[in-house]
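What follows is a short report on a single structure.
Residue numbers (the working numbering): 52 to 341.
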């Protein structure tokens, strides 16, 4: 028999892969202690459980005479800490094979690169410098950047409305980026990269068409100057476009707007901590902590 337990990288779930001789039905119990007959335990897999076919997870330990299946356990008890899984064939009075696994904490995190988090600090700096140099003279003493798509009541003018959209670029590309170990903590990680199309729309609004134009020129020029920097930060293949338009405040008063759009590709990185590895002894079929 073989039993493998893989904690889900997102936490609170375990994928069980088990192999038994042909014709034998599985019996898997989960217990809070190492005792398979712990009364606080529960049956996870029985002959009535719907399981999917699976292959041997590790070719080096494959036993050709076994039939492999898999089942995903998402029981609420997995949130509490370590769980012991025990396998034997259904109806057998023989010994169990067991494995301990802790799925209480996520092993994977998404390092999401939001394009607006790259662009907004740069624009705030350029606008503050323009106000300091007297190129623009807003009544508030600064030009606010508001992360919203429409002007709300009492929003100051001039201002810049910012919104972002992110969509995958067809099928994810990049895939596995490799594995590495933090020499300080000793923890090991695996990373995956995916590319998305990130678009940021900046709507410059003012009661004055001349002020609107000056601000739009300033923002457009700042983005063009910062384009190499933004690409070095991971927002690649940038395309910058511009369009004038008229908008209205909540009271219906016309305000003059100009939209600057920045469009490009950004990488999203998913990092998985390798908290479990293959034991060293040949023939042992349990997952153990690294």
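Beta carbons are placed, not taken as given, at the ideal position from N, Cα and C, and that holds for glycine.
Is DSSP giving residue i helix, strand or coil here?
i	result
residue 211	strand
residue 55	strand
residue 182	helix
residue 198	coil
residue 219	strand
residue 147	coil
residue 168	helix
residue 156	coil
residue 232	strand
residue 96	strand
residue 173	helix
residue 62	coil
residue 250	strand
residue 189	coil
Name, in chain order, the residues that DSSP records as bridge partners for residue i.
i	result
residue 126	According to DSSP, which records beta bridges pairwise, residue 126 is partnered with nothing at all.
residue 121	68, 103
residue 140	77
residue 239	232
Just confirm the distance between the C-beta atoms of residue i and residue j, as a whole number of angstroms; I'd bet it's less than 8 Å.
i	j	result
residue 319	residue 240	Not a contact, Cβ separation roughly 16 Å.
residue 150	residue 59	So it is not a contact: roughly 15 Å between Cβ atoms.
residue 103	residue 71	Not really, about 15 Å apart at Cβ, beyond 8 Å.
residue 311	residue 253	5 Å
residue 96	residue 73	So it is not a contact: roughly 17 Å between Cβ atoms.
residue 98	residue 141	5 Å
residue 281	residue 170	7 Å
residue 292	residue 250	Wrong, their Cβ atoms sit about 10 Å apart, outside the cutoff.
residue 290	residue 247	Not a contact, Cβ separation roughly 15 Å.
residue 209	residue 256	6 Å
residue 61	residue 157	5 Å
Sufficient close CB pairs (3 or more, under 8 Å) joining the region 196–216 to the region 228–239 = no
request  = Kindly provide the ranges of any beta strand (DSSP E) runs that are 3 or more residues long and lie completely inside the region 253–328, ordered along the chain.
outcome  = 286–299, 305–324
request  = Evaluate the contact criterion for the region 67–85 versus the region 135–148: three or more CB pairs, one atom per stretch, below 8 Å.
outcome  = yes
ask   = Between the region 307–324 and the region 250–267, do three or more beta carbon pairs fall short of 8 Å?
value = yes
inquiry  = Across the region 162–179 and the region 86–100, are there enough close Cβ pairs to call them in contact, namely three or more that are closer than 8 Å?
reply    = no
ask   = Using 8 Å as the Cβ pair cut-off and three pairs as the minimum, do the region 268–288 and the region 176–195 touch?
value = yes
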